[in-house]
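Undergrad:
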Amino acid sequence: MSDTQTLEGVRSKRYPPLEERFAALVVKTETCWLWQGKPNTSGYGTIRDGGRKHRVHRIAWEWANGPIPDGMLVLHSCDTPRCVNPAHLSLGTVRDNNYDRDAKGRTKTPARKTHCIRGHELSGYNLYTFFDRKLGLTARACRACANMRQNARRRRNRALARAAREGTSNG
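The numbering used here puts the sequence shown at residues 796 to 966.
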């Protein structure tokens, strides 16, 4: 049995080299090269090497084009998370990725949305943005709807306070 090496240079008799494992798990179709190995929860292919999980599209980019600069992402032009075809991969920023997502209609809250669910126009004074800590991104909202929710909350709280005052004064 021959020794094999990982990218980090650690000798291992247990696993073949990363390149062999990678090639064995890729199926080339007419357009995409699809990863058949395990995906992460977002659908992107992953592979372990040297005790760490790596996203396979990033490995494919690095092998074809060299290191990925800090602050850059590897974007898919084919919108297939399991694709590792270097011809379908490009570098971009988070902003580029978000713009591409919105332009292709793959967003949960499209920036191109013009009206809220109650029909109010989302522009000018009626549109406000805020940082949604739960989602970790800037969200857009309708000011008219927010005012309606706030007024209903105030009416409820006043009614509860009035009921509490009346309940304690009669007791």
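Here a beta-carbon is modelled for each residue, glycine too, at the ideal position from N, C-alpha and C.
Count the other CB atoms, across all protein chains shown, that sit within 10 Å of the CB of H871; report buried if there are 16 or more and exposed otherwise.
TA: That one is buried.
Undergrad: Using a 10 Å radius around the Cβ and a threshold of 16 neighbouring Cβ atoms, would you call L884 buried or exposed?
TA: L884 should be labelled buried.
Undergrad: Thinking just about the alpha-carbon of each residue, which of T875, K848 and T888 is nearest to the one in I863?
TA: Looking at the Cα atoms, T888 is the closest of the given residues.
Undergrad: Counting Cβ pairs closer than 8 Å, one from the stretch 906 to 926 and one from the stretch 940 to 947, do we hit at least three?
TA: Flag = yes, the stretch 906 to 926 and the stretch 940 to 947 touch.
Undergrad: Which of the three DSSP states, helix, strand or coil, is assigned to G914?
TA: Note: G914 maps to coil in three-state DSSP.
Undergrad: How far does the alpha helix (DSSP H) with R816 in it extend, from its first residue to its last?
TA: That run of the alpha helix (DSSP H) goes L813 to A819.
Undergrad: Here's the rule: buried if 16 or more other CB atoms are within 10 angstroms of the residue's CB, otherwise exposed. What is I912?
TA: Classification of I912: exposed, given that the 10 Å Cβ count is below 16.
Undergrad: What residues are listed by DSSP as bridge partners for R850?
TA: Paired residue(s): T841.
Undergrad: Whose C-alpha, out of G845, R957 and R935, is nearest the C-alpha of K812?
TA: A quick correction: the sequence has Pro, not Lys, at residue 812. Checking every option, the nearest Cα to that of P812 belongs to G845.
Undergrad: With distance defined between alpha-carbon atoms, name the residue in T836, A936 and K929 nearest to S918.
TA: Cα-wise, what sits closest to S918 is A936.
Undergrad: Would you report the Cα separation of E825 and Q945, rounded to the nearest angstrom?
TA: One C-alpha to the other measures close to 55 Å.
Undergrad: Thinking C-alpha only, which one of R890, G962 and R960 is nearest T933?
TA: Comparing Cα positions, the closest option is R890.
Undergrad: Between K899 and the rest of its own chain, which residues show a CB-CB distance below 8 Å, the 5 nearest in sequence each way excluded?
TA: Excluding sequence neighbours, K899 sits near D874.
Undergrad: Please report the Cβ distance between G840 and V851, rounded to the nearest whole angstrom; I am assuming they are in contact, meaning their Cβ atoms lie under 8 Å.
TA: Going by Cβ atoms, the distance from G840 to V851 rounds to 4 Å, so yes, they are a contact pair.
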